[in-house]
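Using our numbering, read the sequence shown as starting at 1 and increasing by one per residue. Virtual Cβ for every residue (Gly too), placed ideally from N, Cα, C.
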Amino acid sequence: MRKKKLIIAIIALAILAPSLWWWNQTRKESIADAINPMYWIRRWRGEDLFDYNKYILYHGNRSLKEVAITIDDGPHVPMEPQLLSIFEKNHIHATFFLVGIKMKKHPNIIRRMVQDGDELANHTMDHYRLSYLSPWDIHNEILNNDINLYRITGLRFHLLRPPGMNYNDKVLKVAKNMGYVTVSWDCAAEDYENKSPDFIYDRIMRRVENGSIILLHDDMENTVIAMPRIISALKEQGYQFVTISQMLEHLPHPVYADRLKSVPLPAYVLNESPTGGSLTNVPSKAIASKTKVTKDQTIRIK
Ligand SMILES: [Zn+2]
């Protein structure tokens, strides 16, 4: 009897284990979402894409064949310019979530992103985990990087990705009050762990779907190697490439990030002249974050 049970258990495991393995390879949701009934209820009600109270984007429109490529943690040299050239060659635009202390070191890469028409987004000044900070420190982590961008390009950020996607309601509230949309992701490849180009390619291509927000990083050579293959495979499957601002505008209930009112910059920044000596080089081609700074901007509080 015991032997029979053991045989049944082994057979069940032999069937279950490969199924679970394949599910993990191809799953479109995080494990936490997949086992959460509330997630499926939200999804059934169409509330899984964007939270209109907290201003956080989880996923693009599922009925549109489009994806957004987002690149975190840059700019890094020499990988970032290589990525920019790949995007330029393929006539697509990505969204870069930039870290302030690194932007300062490579302002010319930032200006090239603007000239290429890529979208620039805030990944905080120092890449701290925001949920552990006070509201004031969160505010400063976001604003200091915004000052950085203004000094380099004369533009403002409207999109935030908290480092490590470490956030709570406190972080979302500060970000929203500063005129930001917080941006999550759903399709990544652990490329920060130096996975092979084949692993990165396979993982992205198995988990991508309509409206996916793809997360990759710019400090790994393997990501640069995998990127052309990923882009051409996505193109072959008929995907369009959009920036996060475009993805927001394509939601069933559109959100226009560049119409959000930013907090005013400190007077000492606005009075600097000329701003980083670079404003004249920035064309109006930048897709989002187009809002030029004016001195009468008001704080939007809801
Ligand atoms: Zn990061």
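Are there any heavy atoms of ligand 1 lying less than 7 Å away from the beta-carbon of residue i, as far as the coordinates show?
i: residue 72; result: yes
i: residue 75; result: no
i: residue 100; result: no
i: residue 238; result: no
i: residue 59; result: no
i: residue 127; result: yes
i: residue 163; result: yes
i: residue 91; result: no
i: residue 139; result: no
Whose CA, out of the options, lies closest to the CA of residue i?
i: residue 121; options: 55, 87, 182; result: 182
i: residue 21; options: 203, 7, 60; result: 203
i: residue 89; options: 261, 269, 171, 231; result: 231
i: residue 269; options: 201, 147, 239, 200; result: 147
i: residue 239; options: 60, 44, 38; result: 60
i: residue 63; options: 250, 131, 57; result: 250
i: residue 234; options: 253, 252, 213; result: 213
Using a 10 Å radius around the Cβ and a threshold of 16 neighbouring Cβ atoms, would you call residue i buried or exposed?
i: residue 102; result: buried
i: residue 25; result: exposed
i: residue 13; result: exposed
i: residue 222; result: buried
i: residue 266; result: exposed
i: residue 218; result: buried
i: residue 38; result: exposed
i: residue 27; result: exposed
i: residue 280; result: Unreliable placement is indicated for residue 280, whose pLDDT of 38 sits below 50; the coordinate value is still reported in the next sentence. Residue 280 comes out exposed.
i: residue 145; result: buried
i: residue 246; result: buried
i: residue 158; result: buried
Kindly identify the DSSP beta-bridge partner or partners of residue i.
i: residue 188; result: 215
i: residue 182; result: 56, 160
i: residue 68; result: 213
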